[in-house]
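Below: the structure, in structure tokens.
2 protein chains.
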Amino acid sequence: MSGHYEAVDGNEAAVRVAYALSEVIAIYPITPSSPMGELADAWAAAGRMNLWGSVPGVVEMQSEGGAAGALHGALTTGSLATTFTSSQGLLLMIPNMYKIAGELTPVVIHVAARSLATHALSIFGDHSDVMAARATGFALLASSSVQEAMDLALVAHASTLESRVPFLHFFDGFRTSHEIQKIEVLDDSDVRALVDEGSVGAHRARGLSPDHPAIRGTAQNPDVFFQAREAANPFYLACPDVVQAAMDRLGARTGRSYQLFDYVGSPEADRIVVMMCSGAGAVEEAVEELNRRGERVGLVKVRLYRPFSARHFLRALPTTARSIAVLDRTKEPGSAGEPLYLDVVAALAEGPDREAAVPGDTRRPRVIGGRYGLASKEFTPAMAAAVFAELLKDRPKNHFTVGIADDVTGTSLAWDRAFTTEPPDTVRAVFYGLGSDGTVGANKNTIKIIAEKTDNFAQGYFVYDSKKSGSMTVSHLRFGTHPIRSTYLIDRADFVACHQESFLETVDVLGLADEKAVFLLNTSAPPQDVWARLPREIQETILAKTIRVFAIDAYGVAQEAGLGGLINTVMQTCFFALSRVLPLEQALAAIKDAIRKTYGRKSEQMVEMNLRAVDATLERLREVPVPAAASSAALPRREPVPMQASDFVRRVLGEI
Amino acid sequence: MSGHYEAVDGNEAAVRVAYALSEVIAIYPITPSSPMGELADAWAAAGRMNLWGSVPGVVEMQSEGGAAGALHGALTTGSLATTFTSSQGLLLMIPNMYKIAGELTPVVIHVAARSLATHALSIFGDHSDVMAARATGFALLASSSVQEAMDLALVAHASTLESRVPFLHFFDGFRTSHEIQKIEVLDDSDVRALVDEGSVGAHRARGLSPDHPAIRGTAQNPDVFFQAREAANPFYLACPDVVQAAMDRLGARTGRSYQLFDYVGSPEADRIVVMMCSGAGAVEEAVEELNRRGERVGLVKVRLYRPFSARHFLRALPTTARSIAVLDRTKEPGSAGEPLYLDVVAALAEGPDREAAVPGDTRRPRVIGGRYGLASKEFTPAMAAAVFAELLKDRPKNHFTVGIADDVTGTSLAWDRAFTTEPPDTVRAVFYGLGSDGTVGANKNTIKIIAEKTDNFAQGYFVYDSKKSGSMTVSHLRFGTHPIRSTYLIDRADFVACHQESFLETVDVLGLADEKAVFLLNTSAPPQDVWARLPREIQETILAKTIRVFAIDAYGVAQEAGLGGLINTVMQTCFFALSRVLPLEQALAAIKDAIRKTYGRKSEQMVEMNLRAVDATLERLREVPVPAAASSAALPRREPVPMQASDFVRRVLGEI
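So the sequences go chain by chain: B and H. Numbering-wise (this note's numbering), the first sequence opens with residue 314 and increments by one. Numbering-wise (this note's numbering), the second sequence opens with residue 314 and increments by one.
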């Protein structure tokens, strides 16, 4: 039990466990799972050892199909093996997954869940890939946060070895895979404590070997295939209890308790949401807020989705539940309903089982299903509140959507954008940068500083678009004294930084600013000229929200310090100077320490230049005087498309 | 409207329609769908034209993944294209299927449904492959017989063009794909009448072309992906009615009426089975028999499984239904229930919709689910009767199996092997042959003769094992005056032929013989010596069932006629001589006619030799005198494994 905290992202959280427990790691890169394979590859190249003191063999194949084949082969010899994938990559693994599961072979595949390409491809997150693999016979274990990505990775590895059911451990692509969180990391002693060496030995002993020849992978005819297929039942029936036992052992060591289905909310809730993965963070915040307001609502977080244990699900559900909304982060056109919805309906319909699980309970809550968050579409506490409001209705929409306005088939729920659950003691900062201008790197550094130097929790999420380098990045950072569960973008920032002045012309950079926020602008203009250069809408927002404005000539400072166009140190220093999440002295010491760590190995000169930039920044950072009214000289923000463009360009592309 | 009958198998029935409606046919062979690709390839090589007077381009790719890619590419240019596959082949098509469906591209993939490889591979039939593709957004249309494989192939092609939803048309591997049935075939005028040329033109007009450039296959970010995904809803909502309209047009032309969900049985049934594909034949026979005995039961045959129209399903279900069993021919270990089961439960749980579909009906029948027929495991009317019996119980088993004895987890239902529904006027004949000895070919020929020369319906099903050439084949032939729906093996044969005497030592060839059956043995022994050479168990069966025994020295006759080891003509002649399904004169004329057709192109000498063999056969066919008791000289049948073998070999392999 470590008691040791670090700021890592979901990919790193999962791969640390996977690496420690593997001898063969078959990889093929696909966004957003690639960092798992890259880290494993880098660690192996550096000679990092697994739990048994050997360096895993990391092998990159020609495709995910090949990676799955290599995995199957390695497992069949009795090796401990793993792989990482997403989206289409997982589709290519499906044929091998049926075989691996059919042969009851322990393995964990870690998946950063991502949309499948349909009308368009998307690199962003939803569960369509995982759901496409739900028939393979793999257990599916869902993590809803970075901490869980590490904890449940270990539960998955421990459980697969004991149950012989292979596991797919998944978490939301980008939202969890790329979110940086300060988490309590597991160390080797935790991993060792959870994994049963006897099961490891049993797996090795089942390996095909010339020393004890056996046959596997045969062909069977109608006479025996069906019987042999059913003979796997006991393994699947035992699996949920195996997983719960692993969760219990983890809980006993770490104090972090998990259930197959975790309930949070009012013990007498009349309305319940059932869902899995990162969206649960937003719903949990909504549940707390609504219960604070006197409602009675709750949330069932599904962790072990396959094998689906109706018994455990029904026990997790309060007997007071009257209506239930099941939220699926996938869409299966033409289906009778999305997958989790169908399972919940069936679990509730199987009356005798429910009565056995909860004696005397014969009521049947009404169940509706909805879709949310496809391709990382934002999902907020306000949307969760809209779902709970829908559940109050006599005839709620079924097969609804939330998070979009569906004006084609009218499936969508409206939500109240004013509904917010941001805790007042959380610091929320948003940074607009240019891909590759150092903004994201500086923010990751800031999180590490706060995570390591303070007792604060920290979260960082970085919105790129799929064009990657060269387009806009928006960094969303939260800091606070409690673990941060807000799995959605910031829309009420205390601090907004615009690292590129040109964004002012096209982007509503203060749209996310809260009342009385601080706005930091990187501009070459002297402070007294800044106001006049701001577009009229920005000026009006500053006045309306009583925003304080600060200016820094970051390119000037960087240039003078010899850093050329690298403004990351300058902007980071401004953030610490203005946000005061740390006392300034302490923050400056930490920044300088980070500079020495980052550049020390490369060149002493780089260290000196950056240290100079820190000091110069503090001298040149200035508050911009804000007059009482917007000035008539300010220009309106540019339209996204020219007014004379065609109807399609204006009404469709312009809106987008 | 043809009014023209032919004996074809399910593969040929489907590919005839697919060929007529395609310009590009991408193929890759996989059992049991290969004959579809092979026929298309052969027809194209022979210059056969499609409906529009061009010869389709048939292209064999490097794998099913390549075939799906070629298909997607051809469709994107506005071509009409199709492909055929099974099992793992379909898995490799899944990534392209998501794209094809996402882009709303009309196409039909014809699938001879086959088991996916899990603990072992199996070349036989179940729905695990089709179910693995159910999330892709393809419509799934199920045929349960050879006639339907042709009719619904056309419905699929017509509907995809009108609805823009791509279709997967499937039927049971082997049971339907390789079953020969006399069916009323569709001709070009039928095909032309069902397909809307306007929709064909619209598809062509959507093709990517340099003449009217458009973009497809883009990448989308979280801002718009979800909305665009939901924009496909109207197409899926409209699809069921489009399919029903195509079925109605087909019905008007042919008199064969289909519904999305076809109900058969008592209009006041209290117990209902819901299922799809060939097993429906066995259930329908059980339903008729049970209703004849005074029960009230029924069957819903699911034809359009995706998009799943709960509205149509609920309308098909009698309001008197009290308990429902949903039979799935697949197993998804760890699921909350098999796919069709979950859908039916959800359809019934969505109360308001049910009330809208059937006003005032607020009852909720109890639903249980079961698995049957994995990897072509036999599924008979007796098993269906066991399911109906289970539905009578207060606490019926849920997630049961039927067709096996599950002594591991106790899921299986017992069934009464004496329950039979074979119509008394059907002739049932079973033939034991050696792979490649001509038995199957002769039987196919026999069916063609009966189908073409008489008003009788005919069915042939051929049990090979996966070792193919060189092992035993068992041919199951039925003939009768009504269409034959018995989608299971014969277990009460009027006629049993053993084409290889050596089988007597190891196989209980008379196990399937009915009382008073005719037994034909190919043996070199003179008739008076035959009895003494029969193993004791065979003798006892002959006496117990009052079986008449006939002997022919087929190898001798063939040798003398100059045919070497080719005994097919000899054995076929014996069958017609003994079974009298046709008057002998007429049968002989037909056999001789078939000989001229088959061999005429090769050599006049072959024709002569075969004609000689026919005549010689009639001279040499003799009845074997049957004494009153088994003779003590007869040997027992050989044990499958030696008695001194190990416990595992005797108790497991021996049983198998």
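Beta carbons: idealized from backbone N, C-alpha and C, even for Gly. Model, not experiment: these values are computed from the prediction.
With a beta-carbon spacing of about 6 Å, B/ILE763 and B/VAL894 fall inside the 8 Å limit used to define contacts. Taken in chain order, the complete alpha helix (DSSP H) segments of 4 or more residues contained in the stretch 430-504 of chain B are 441-445, 459-476. Residues of chain B whose Cβ lies closer than 8 Å to the Cβ of H/PRO547 are, in chain order, VAL721, THR722. Relative to the Cα of B/TYR745, the nearest Cα in the group B/ALA697, B/ALA455, B/GLY682, B/THR819 belongs to B/THR819. If one requires a minimum length of 4 residues, the alpha helix (DSSP H) runs lying completely within the stretch 359-423 of chain B are 377-389, 400-415, in chain order.
A direct Cα-to-Cα measurement between H/CYS552 and H/SER457 gives close to 21 Å.
Of all residues in the stretch 341-373 of chain H, none comes within less than 7 Å of chain B when Cβ atoms are compared. Of the candidates H/GLY486, H/THR786, H/GLU898, the residue whose Cα lies closest to the Cα of H/VAL822 is H/THR786. Following the DSSP letters along the chain, one finds B/LEU655 in no beta strand (DSSP E) but inside the alpha helix (DSSP H) bounded by residues 652-662.
Taking the beta carbon of H/VAL680 as reference, the chain B residues within 8 Å of it are ALA662, listed in sequence order. Among the CB atoms of chain H, none fall inside 8 Å of the CB of B/GLY592.
Secondary-structure assignment with DSSP links B/GLU735 through no beta bridge to anything.
Scanning chain H for C-beta atoms nearer than 8 Å to the C-beta of B/ALA623 yields ALA649, reported in chain order.
Shortest Cα-Cα distance from H/GLY682 to any of H/SER689, H/LYS690, H/ALA697 involves H/ALA697. When DSSP reads this structure, H/HIS789 sits in a beta bridge with H/VAL743, H/TYR774. Taking 8 Å as the cut-off, the beta carbon of B/ILE340 is found closer than this to the beta carbon of B/VAL371. Every unbroken stretch of the beta strand (DSSP E) spanning 3 or more residues and falling wholly within the stretch 688-718 of chain H is given here in chain order: 713-715. Proximity of B/GLN401 to chain H, defined by a Cβ-Cβ separation below 8 Å, is satisfied. H/THR722 and B/LEU653 have their C-alpha atoms some 26 Å from each other.
Within the same chain, and ignoring the five residues on either side of B/ARG609 in sequence, the residues whose Cβ sits closer than 6 Å to its Cβ are SER579, GLU581, ALA582, ASP583. Residues of the stretch 526-540 of chain B that bring their beta carbon within less than 9 Å of a beta carbon in chain H comprise ARG529, GLY530, THR531, ALA532, GLN533, ASN534, PRO535, ASP536, VAL537, PHE538, PHE539, GLN540, in sequence order. Residue H/SER400 holds the alpha-carbon nearest to the alpha-carbon of H/LEU687 among H/LEU334, H/SER400, H/ARG477, H/LYS915. Setting aside the 5 residues that flank it on each side, H/LEU603 is surrounded in the same chain by VAL610, ALA698, PHE701, each with a C-beta closer than 7 Å to its C-beta; the list follows chain order. Leaving aside the five residues that flank H/GLY650 on each side, the residues in its chain whose CB is nearer than 6 Å to its CB run, in chain order, GLY682. Here B/ALA941 carries a coil assignment [DSSP, helix/strand/coil].
Contact holds between the stretch 499-511 of chain B and the stretch 468-478 of chain B, because three or more Cβ pairs, one in each stretch, are under 8 Å apart.
In chain order, ALA430, THR431 make up the part of chain H whose C-beta sits under 8 Å from the C-beta of B/LYS412. Bridge pairing for B/GLU936: B/PHE863 [DSSP]. The C-alpha of H/GLU373 is placed about 56 Å away from the C-alpha of B/ARG791.
Excluding residues up to 5 positions away in sequence, TYR332, VAL368 lie with their Cβ nearer than 8 Å to the Cβ of H/ARG361 in the same chain. When the beta-carbon positions are compared, H/LEU617 and H/LEU454 come within less than 8 Å of each other.
With at least 16 other beta carbons inside 10 angstroms of its own, B/THR693 counts as buried.
For chain B, the residues of the stretch 705-716 of chain H that bring a beta carbon within less than 7 Å of one of its beta carbons are ARG708, ASN711, THR714, GLY716, in chain order. Exposed is the label assigned to B/LEU897, since fewer than 16 other Cβ atoms lie within 10 Å of its Cβ.
Taking a Cβ-Cβ cut-off of 9 Å, B/PRO580 has no neighbours in chain H, whose nearest Cβ is about 25 Å from it. From the listed residues B/MET410, B/VAL421, B/SER428, B/LYS495, the smallest Cα separation to B/TYR774 is found for B/LYS495.
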